[in-house]
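If you're matching positions, the sequence shown starts at 17 in my numbering and goes up one per residue.
Using N, Cα and C, we set each Cβ at its ideal position, and we do this for glycine too.
Here the structure comes first, spelled out in structure tokens, and everything after it is commentary.
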Amino acid sequence: MTRVRYCVPARSFIVVLMGTAALAACATPQPRYAAKHPVAGPTPGQLPNGAGGRYKVGSPYEVGGVWYAPKEEPNYDQEGRATWYGQSHHLKTTANGEVFDRYALSGAHTTLPLPSIVEVTNLDNNRTVQVRINDRGPFKGDALIDVSQEAARQLGFEQQGHARVRVRYVGPAPLGAPDAGLRYSAYTPGLTPSEQLPPGPTPYSGIQTGPVETPVASQPLAPLAPATSAPLPAATAGGLVYRVQAGAFSDPANAQRVVTQLGSAVIAKVEPFQRADGVTLYRVMVDGTADEGEAWALRDRVAAYGFSEARVVRPGA
17 MTRVRYCVPA RSFIVVLMGT AALAACATPQ PRYAAKHPVA GPTPGQLPNG AGGRYKVGSP
77 YEVGGVWYAP KEEPNYDQEG RATWYGQSHH LKTTANGEVF DRYALSGAHT TLPLPSIVEV
137 TNLDNNRTVQ VRINDRGPFK GDALIDVSQE AARQLGFEQQ GHARVRVRYV GPAPLGAPDA
197 GLRYSAYTPG LTPSEQLPPG PTPYSGIQTG PVETPVASQP LAPLAPATSA PLPAATAGGL
257 VYRVQAGAFS DPANAQRVVT QLGSAVIAKV EPFQRADGVT LYRVMVDGTA DEGEAWALRD
317 RVAAYGFSEA RVVRPGA
């Protein structure tokens, strides 16, 4: 991406951010760094529903004397430095009108369309996650992408604060919910697990990539597995084990299809999970190990079967 530097008085940039009329006239996005007010509406223990999100590419804009030119880049594949952001922006409005949730897998990019799905790989440990780009940034230093705190945790650089990464564009993200196509931290009370699977180059057979409530006509519904179909991971001498969540669904039949799809490759079962708002979801959980490194290897095995949104769940979650 070519950056054109142009000197603009700081006071002019502040004025641009003060009114929607000025925003429209200058075609300047409202990045999270300027979002001072939390969004009204969310109640404790519940997630924002993503209302207000919209698709946008945007016109060229300037931040700190640097001009950025948003555009469609279907072949985007770059390496650079990733940083993360969390509590200071939690529940604030993003550049396309969604709500930032530090526990969701989301991120900010200076030029990609909003919202987009990108694949982020930590080049130091080869961990990979897909995140939803729904904000503009980062605008400090040489960082290529800003990811949420949860994404940084799963990529393994939450403690150090930055990492060398590869960012690859996957496709446009669906509108209507901040978690569409993504997964949430199952161990965080009140969070809504993913209801959709992300777009990918090779959708796995038997599971639709659209909303999970849509029936799959080509495959009959399998009965929900009994709660005793697979034992819970046993405690070990070192404590509870890490497990892998292959997916989470509002329809138990869709969860059971995932268990069937995994077959005998792993020991998987369906576990009901009740959100803080009383809605029951069905998680597909894979028995794991007391070693976190082995758990990530197991996650990669599950992902290799087409479940790219599989995630490691901490002990006790």
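With distances taken Cα to Cα, identify the nearest neighbour of Lys285 among Ala292, Val295, Ala306 and Gln261. Gln261
Okay, do the segment 157-176 and the segment 91-104 touch, 3+ Cβ pairs below 8 Å being the bar? yes
Do you know whose CA, among Glu88, Gly80 and Val82, lies nearest Tyr71's CA? Glu88
Measure the Cβ-Cβ separation of Arg182 and Thr137 and say whether it is below 8 Å. yes
Reduced DSSP category for Asn348 - H, G, I as helix; E, B as strand; rest coil: The displayed coordinates of the chain run from 17 to 333. Any statement about residue 348 would go beyond what the structure contains.
In chain order, what residues of the same chain have a beta carbon less than 7 Å from the beta carbon of Pro331, not counting five sequence neighbours either side? Gly255, Leu256, Val257 and Tyr258
When the distance is taken between beta carbons, is Ile133 closer than 8 Å to Gly187? yes
I need the boundaries of the beta strand (DSSP E) containing Ala124, first residue and last residue. Ser122 to Ala124
From Ile149, Arg291 and Arg143, pick the residue whose C-alpha is nearest to that of Glu174; which is it? Arg143
Where does Thr351 fall in DSSP's three states? Residue 351 lies beyond the stretch modelled for the chain, which goes from 17 to 333, so this question has no answer here.
Rounded separation between Ala264 and Ala120 - CA only: 14 Å
Could you have a look at Ser308 and say whether DSSP puts it in helix, strand or coil? Going by the sequence as given, residue 308 is Glu instead of Ser. DSSP places Glu308 in helix when its eight states are reduced to three.
Candidates Arg327, Ser266 and Gly172: which alpha carbon is nearest Arg291's? Ser266
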